[in-house]
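Each number in my numbering comes from the position in the sequence shown (counting from 1) with 2 added on.
Beta carbons: idealized from backbone N, C-alpha and C, even for Gly.
Just below is one structure, and these are the notes that go with it.
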Amino acid sequence: MIQVDPLNAPTRNPETYPGDIPTHSYLLCGNQYARIEPVADRRLSQAIVYDLSGDVVAEAAGGNVLPLNFVLLRLNAPTMNQRVAVLSVGSNAAPSQLALKFESRNVNGVVPVIRARVRGVAISYSAHLNPNGYIPAAPVHDDAGNELVNALVVFLDPAQLNAVDDSEPNYVRVDISAARYPVTLDNGERVEQCALYRTQHGIIDPKVSALGPFFDATRMTPQRDVVSELFGNEPGLRERLGARTYDEFRQKAPELSMNFREILEELHLKCPDGLHVSASAGLTYGESGSSFDTAPELTVDFSLKVVLPTPRVVTRQGEPIVQLSRGARLRRLGGQSTS
């Protein structure tokens, strides 16, 4: 397992924002994490967890690779069906930032984080300044329908969800639908609903490349370059803030954060994020439907007994079930008529 130091979180070390984000799915276990490999065409409960240490899950001591739901149960943590999918486009994808948020709020830090790609969403920077000294990321609508890659979806249980909500005073959690913004997980599964944190302040108008939009979630511009390019392109902002360099800006961040967004607005450097959100339903992964992009199309040969995917109109609570029509049960499988 890979060790995580919460002291390296962007909140504590602003210049590292958005933090050291893995390019693979992972299971955070407090201050360390293990690699997850989702299984194609299988729901996430059957994903495989690798590189676990025996002191975390005893069964891993023999070098075994273990199913994700089994690991969650062994850690006395809610299973996948009880968790809410939240798309992260900034530091909430970094193990160090998540570990710090949960540790500081005395919340269980066992969290599955699954790599994904998202169509129609890009990353820019929010029109506010975090008092800790960085300009945070924000999701934005992309009219061209480009695909954001290497994004990470964090699956939070109710206590963790409340903790992250509490840590995001400048954002509001909203839901997006697959119809507008398809979110495809690494197992090929397209989830019908996903949440994300939307900035309440709009975004900084991306007039320079350092401000986005970005279509690779792991390749955002470093903070030093963001501020330097912004100051170089907008001297009026530099003068209004009374900071000429990144180091001055970071040192004065607690003071500057109080009127940073108002100055951006006065200089016409703000614009809306353009996102289209759904009415918040707060469905868990088990409650929401999904489909698999990679699953082959199935045709029916009535000379055979076949099993087809269960229609999503059936409430299945995320569990695999088979639905048979009454006619198929009687004619094909020898079932008995019931009243």
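- Pairing R226 with A255, the inter-Cα distance amounts to about 13 Å.
- By the criterion of a C-beta distance shorter than 6 Å, N134 is surrounded in its chain by T13 and P16, once the five residues flanking it on both sides are discounted.
- Restricted to the region 249-297, the beta strand (DSSP E) segments that are unbroken, complete and at least 3 residues in length are 292-294, listed in chain order.
- In this structure, L198 places its C-beta atom within 9 Å of the C-beta atom of P141.
- Boundaries of the alpha helix (DSSP H) harbouring F72: L70 to R76, taken from the DSSP string.
- According to the DSSP assignment, F217 belongs to no beta strand (DSSP E), since it is labelled neither H nor E.
- Residue burial is scored here from C-beta neighbours: S211 has fewer than 16 other C-beta atoms within 10 angstroms and is therefore classed as exposed.
- Contact annotation: A87 and Q202 have beta-carbon atoms that are not nearer than 9 Å.
- Along the length of the region 47-130, whole alpha helix (DSSP H) runs at least 4 residues long occupy 70-76 and 97-106, reported in chain order.
- According to the DSSP assignment, R242 belongs to the alpha helix (DSSP H) that extends over P237 to L243.
- By the neighbour-count criterion, in which 16 or more other beta carbons inside 10 Å mark a residue as buried, H270 falls on the exposed side.
- Looking at the DSSP output, A139 sits in a beta bridge with Y127.
- Three or more beta-carbon pairs separated by less than 8 Å are not found between the region 213-222 and the region 58-76, which leaves the two stretches without contact.
- Membership of L163 in the alpha helix (DSSP H) is indicated by the continuous run P160 to D168.
- Straight across, the Cα-Cα distance linking N132 with I205 is about 14 Å.
- DSSP places Q202 in no beta strand (DSSP E); its state is neither H nor E.
- Beta-carbon to beta-carbon, R76 and V59 are separated by about 5 Å, close enough to satisfy the 8 Å threshold.
- With contacts defined by Cβ atoms closer than 9 Å, A129 and L266 form a contacting pair.
- In the same chain as E191, and ignoring 5 residues on each side of it, the C-beta atoms closer than 6 Å to its own belong to S292 and F294, in chain order.
- In this structure, the straight-line span from the alpha carbon of L89 to that of V176 is close to 10 Å.
- Under DSSP, S179 forms a beta bridge with Q195.
- In this structure V113 does not touch Q34 by the C-beta definition: roughly 12 Å separates them, more than the 8 Å allowed.
- Within the same chain, A161, Q162 and A165 come within 7 Å of V109 by CB-CB distance, once the 5 residues on both sides are set aside.
- One alpha carbon belongs to P80, the other to D159, and they sit about 7 Å apart.
- Residue burial annotation: D144 is buried, with at least 16 other C-beta atoms found within 10 angstroms of its C-beta.
- Counted as a single uninterrupted DSSP element, the beta strand (DSSP E) harbouring I38 occupies residues Q34 to E39.
- Counting C-beta pairs closer than 8 Å gives three or more between the region 15-32 and the region 91-100, which meets the contact rule.
- In the structure shown, the three-state DSSP call for T186 is strand.
- For Y28, the enclosing beta strand (DSSP E) covers residues Y28 to C31.
- A distance of 9 Å or more separates the beta carbons of P8 and N189.
- Assignment of V228 by DSSP, reduced to helix, strand and coil, places it in the helix class.
- Rounded to whole angstroms, K272 and Q253 show a C-alpha spacing of 23 Å.
- Taking the C-beta atoms as reference points, I38 is found no nearer than 9 Å to S55.
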